[in-house]
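J.: Would you mind keeping the following structure in view while I ask a few things?
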Amino acid sequence: MSAATSPARQMGKPAIQLLGVNKWYGQMHVLRNINLEIAEGERVVVCGPSGSGKSTMIRCINRLEEHQQGQIIVDGIELGDDLKSLDAIRREVGMVFQSFNLFPHLTILENCTLAPIWVRKMPKKEAEALAMEYLTRVRIPEQANKYPGQLSGGQQQRVAIARALCMKPKIMLFDEPTSALDPEMIKEVLDTMVMLADTGMTMICVTHEMGFARQVADRVVFMDRGEVVESNTPDELFGNPQTDRLKLFLSQIL
Ligand code: ADP
Ligand code: MG
Numbered sequence: 019m020s021a022a023t024s025p026a027r028q029m030g031k032p033a034i035q036l037l038g039v040n041k042w043y044g045q046m047h048v049l050r051n052i053n054l055e056i057a058e059g060e061r062v063v064v065c066g067p068s069g070s071g072k073s074t075m076i077r078c079i080n081r082l083e084e085h086q087q088g089q090i091i092v093d094g095i096e097l098g099d100d101l102k103s104l105d106a107i108r109r110e111v112g113m114v115f116q117s118f119n120l121f122p123h124l125t126i127l128e129n130c131t132l133a134p135i136w137v138r139k140m141p142k143k144e145a146e147a148l149a150m151e152y153l154t155r156v157r158i159p160e161q162a163n164k165y166p167g168q169l170s171g172g173q174q175q176r177v178a179i180a181r182a183l184c185m186k187p188k189i190m191l192f193d194e195p196t197s198a199l200d201p202e203m204i205k206e207v208l209d210t211m212v213m214l215a216d217t218g219m220t221m222i223c224v225t226h227e228m229g230f231a232r233q234v235a236d237r238v239v240f241m242d243r244g245e246v247v248e249s250n251t252p253d254e255l256f257g258n259p260q261t262d263r264l265k266l267f268l269s270q271i272l
């Protein structure tokens, strides 16, 4: 791919590059020749039917899963088998999952300071001040000394976002962060993500929240059966789908 033809280049240097990426689970080909380039500061929404490979793709980007063919380059670091690249990627890339994955036996504050203290070797006081800053930004500083089980799902997901931000990542990945939430809590989490988008964070978000996609995405990527089928601005992708596969998908979700 040449720099001149890549739309992402016009926005800034590439933060994430997937070049001819293939992945199999046993005999099953789950990522098929994925080519995707995401620029620094770009906000990409990934959508597509269940089982199309969305989670697998973003899990490959922070090496929770390994790809077998092609290259994945994150902030200039090519993901390989070495621990050095793994370490670097885990520091730079924050991830928020559908299930919030907070540590139930730690307080909200401890959940947020654990990795900065142990991975980033940040002094405890500094880590706590940083955690309070992010808990304030996601508008739940008053919950700092509670345990996850005492919070609503929406609050827990906002803690998960704050926790990821405490590692000062350059890139945030979200995998259906609102799918496990009751409808009344979806908005508070989406609002938090909009706030984050406004800071200029590079984001990839798997979601079927099309309102969110229209509001913040620079680009929407539609996946089906392990392939990137279409990739376009939200207006174009939703308003002018090119393939029957995307038309069918949109008719089912909109
Ligand atoms: P999506 O997130 O789009 O719903 P996934 O990336 O989770 O899709 O899954 C893509 C395909 O890979 C599906 O067919 C799924 O069943 C399969 N799959 C996902 N994780 C595993 C795994 N750990 N082992 C085997 N197959 C898997
Ligand atoms: Mg998934």
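In short: position in the sequence shown from 1, add 18, done, that's the numbering used here. Note that the Cβ used here is the ideal one computed from N, Cα and C, for glycine as well.
1) Any heavy atom of the ligand MG inside 8 angstroms of the beta-carbon of Lys186?
2) Taking 5 angstroms as the limit, tell me which residues put their C-beta closer than that to any heavy atom of the ligand ADP, in chain order.
3) Can you list, in chain order, the stretches of the alpha helix (DSSP H) that have 4 or more residues and sit fully within the region 54 to 85?
4) In the DSSP assignment, what residue or residues form a beta bridge with Pro166?
5) Taking the beta strand (DSSP E) that Arg237 belongs to, which residues open and close that run?
6) List the whole-angstrom C-beta distance separating Ile79 from Val62, where the pair is believed to meet the contact cut-off of C-beta under 8 angstroms.
7) Pick from Ser117, Leu36, Pro141: whose alpha carbon is nearest that of Arg81?
8) Could you work out which residue in Ala106, Leu54, Pro259 is closest to Ile95 when comparing CA atoms only?
9) For Glu273 and Arg237, what's the separation of their Cα atoms in angstroms?
10) Could you tell me whether the Cβ atoms of Asn53 and Val39 are closer together than 9 angstroms?
11) Does any heavy atom of the ligand MG sit closer than 8 angstroms to the C-beta of Glu227?
12) Suppose the cutoff is 8 angstroms on Cβ atoms and the five residues either side in sequence are ignored; what does the same chain contact list for Val246 look like?
13) When you compare each of Met190, Ile222, Asn250 to Val111 by their alpha carbons, which one comes out closest?
14) Would you tell me roughly how many angstroms separate the C-alpha atoms of Thr196 and Ile204, rounded to the nearest one?
15) Please report the distance separating the alpha-carbon of His47 from that of Thr251.
16) Which of helix, strand or coil does DSSP assign to Cys223?
17) The beta strand (DSSP E) that contains Ser249, what's its start and end?
18) Identify the residues that DSSP records as bridge partners of Tyr43: which are they?
19) Could you pull out every residue in the same chain whose Cβ sits closer than 8 angstroms to the Cβ of Ala133, ignoring the five residues on either side in sequence?
20) Between which two residues does the alpha helix (DSSP H) carrying Asp105 extend?
21) Beta carbon of Asp193: closer than 8 angstroms to some heavy atom of the ligand MG?
22) Can you tell me the Cβ-Cβ gap for Phe192 and Met150, rounded? I've got them flagged as a contact below 8 angstroms.
23) In three-state DSSP terms, what is Met190?
24) Using DSSP with H/G/I as helix, E/B as strand and the rest coil, what is Pro201?
25) Between Val177 and Pro166, is the Cβ-Cβ spacing less than 9 angstroms?
26) Identify the continuous alpha helix (DSSP H) that holds Ile283 and give its terminal residues.
27) Is Val224 near the ligand MG, going by C-beta to nearest heavy atom under 8 angstroms?
T.: According to the structure data:
1) no
2) Tyr43, Val48, Ser68, Gly69, Ser70, Gly71, Lys72, Ser73, Thr74
3) 72 to 79
4) DSSP lists no partner for Pro166.
5) 237 to 242
6) The pair is not a contact, with the Cβ atoms about 11 angstroms apart (cut-off 8 angstroms).
7) Leu36
8) Ala106
9) Nothing in the structure corresponds to residue 273, since the chain is present only between 19 and 272.
10) yes
11) No; taking the cut-off as 8 angstroms, the Cβ of Glu227 has no heavy atom of the ligand MG nearer than that.
12) Ile52, Asn53, Leu54, Val239, Phe240
13) Met190
14) 6 angstroms
15) Near 28 angstroms, if we compare the C-alpha coordinates of Thr251 and His47.
16) Cys223 falls in the strand class under three-state DSSP.
17) 245 to 250
18) Met46
19) Residues Arg181, Cys184, Met185 of the same chain have their beta carbon placed closer than 8 angstroms to that of Ala133, with the five preceding and five following residues left out of the count.
20) 101 to 110
21) yes
22) No, Phe192 and Met150 are not in contact; Cβ-Cβ is about 23 angstroms, not under 8 angstroms.
23) Collapsing the DSSP output to three states places Met190 in a strand.
24) helix
25) yes
26) In this structure the chain extends from 19 to 272, so residue 283 is not present and cannot be described.
27) yes
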